[in-house]
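Asker: Residue numbers (this note's numbering): 427 to 587. Yeah, the Cβ is synthetic: ideal placement off N, Cα and C, and Gly gets one too. No experiment lies behind these values; they were computed from the predicted model shown.
1. If you compare alpha carbons, which of 536, 492 and 547 is closest to residue 584?
2. For residue 546, which residues from the same chain have a beta carbon less than 6 angstroms from its beta carbon, with the 5 sequence-adjacent residues on both sides left out?
3. With the cut-off set at 8 angstroms, would you say residue 575 and residue 504 are in Cβ contact?
4. Measure the C-alpha to C-alpha separation of residue 459 and residue 449 and round it to an integer number of angstroms.
5. Taking 8 angstroms as the threshold (C-beta atoms), are residue 573 and residue 508 in contact?
6. Look at the alpha carbon of residue 484 and the alpha carbon of residue 498, and state the distance between them as a whole number of angstroms.
7. In the DSSP assignment, the alpha helix (DSSP H) including residue 580 goes from what residue to what residue?
8. Name, in chain order, the residues that DSSP records as bridge partners for residue 476.
9. Since residue 446 is in the alpha helix (DSSP H), which residue starts that stretch and which ends it?
10. Rounded to whole angstroms, what's the CA-CA distance from residue 490 to residue 500? Just pull it up for me.
11. Our contact map puts residue 480 next to residue 468 with C-beta atoms below 8 angstroms; I'd like the distance itself, whole angstroms only.
12. Is residue 476 closer than 8 angstroms to residue 470 when the C-beta atoms are compared?
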């Protein structure tokens, strides 16, 4: 090796570049490896032979198609509601004339500092308290899909903004 190549290699492996190694190991162990493990079991049978019978079993069941359809309906509805709410708010934030931009940003970003589960439980208590007082029933028990959509809009609205 020439002196220039050795100098470039030495420069490439310094402390700052080694800080990414723990993250890379974490990603391989807890994201990449489990993903490939799931794919392996999805395309093999009990003996380890390649098969697509697992997928034909899943997609031949009518109940699974109903679940997939409900999932897509909830996802599309949540996305549409988030966009309808987020677009005007993002427009206000982008408007230079509006002088309260910082306050609006904090209003939507501060709840994200709280854990996802705690926010969802808090929203459930708030919505159930309102519907119980106003209408006399628990929305999560009587209309679970509406409750799921409300919760997902609440949780993902800051990302849409």
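Answerer: A quick look at the data gives this:
1. In the chain shown, counting from the first residue as 1, residue 584 sits at position 158. Answer by Cα proximity: 536.
2. The residue given as residue 546 occupies position 120 in the chain shown. Cβ within range, chain order: 577.
3. On the chain shown, position 149 is the one that residue 575 refers to. On the chain shown, position 78 is the one that residue 504 refers to. Against a cut-off of 8 angstroms, the Cβ pair of residue 504 and residue 575 comes out as a contact.
4. Residue 459 sits at position 33 when you count from the first residue of the chain shown. Residue 449 sits at position 23 when you count from the first residue of the chain shown. Roughly 14 angstroms between the two C-alpha positions.
5. Start at 1 with the first residue of the chain shown, and residue 508 comes out as number 82. Start at 1 with the first residue of the chain shown, and residue 573 comes out as number 147. Against a cut-off of 8 angstroms, the Cβ pair of residue 573 and residue 508 comes out as no contact.
6. What you label residue 484 is simply residue 58 of the chain shown in a count that begins at 1. What you label residue 498 is simply residue 72 of the chain shown in a count that begins at 1. Distance between the alpha carbons of residue 484 and residue 498: 17 angstroms.
7. Start at 1 with the first residue of the chain shown, and residue 580 comes out as number 154. 570–586 is the extent of the alpha helix (DSSP H) around residue 580.
8. Locating residue 476 in the chain shown gives position 50, where the first residue counts as 1. Under DSSP, residue 476 forms a beta bridge with 470.
9. Here the question's residue 446 lines up with position 20 in the chain shown. Note, residue 446: alpha helix (DSSP H), 446–453.
10. For this step, residue 490 is matched to residue 64 along the chain shown. For this step, residue 500 is matched to residue 74 along the chain shown. Looking at the two C-alpha atoms, the distance is approximately 15 angstroms.
11. Within the chain shown, residue 480 is the residue found at index 54, counting from 1. Within the chain shown, residue 468 is the residue found at index 42, counting from 1. The C-beta separation of residue 480 from residue 468 comes to about 6 angstroms, placing the pair in contact by the 8 angstroms criterion.
12. Taking the first residue of the chain shown as position 1, residue 470 is located at position 44. Taking the first residue of the chain shown as position 1, residue 476 is located at position 50. Contact: yes.
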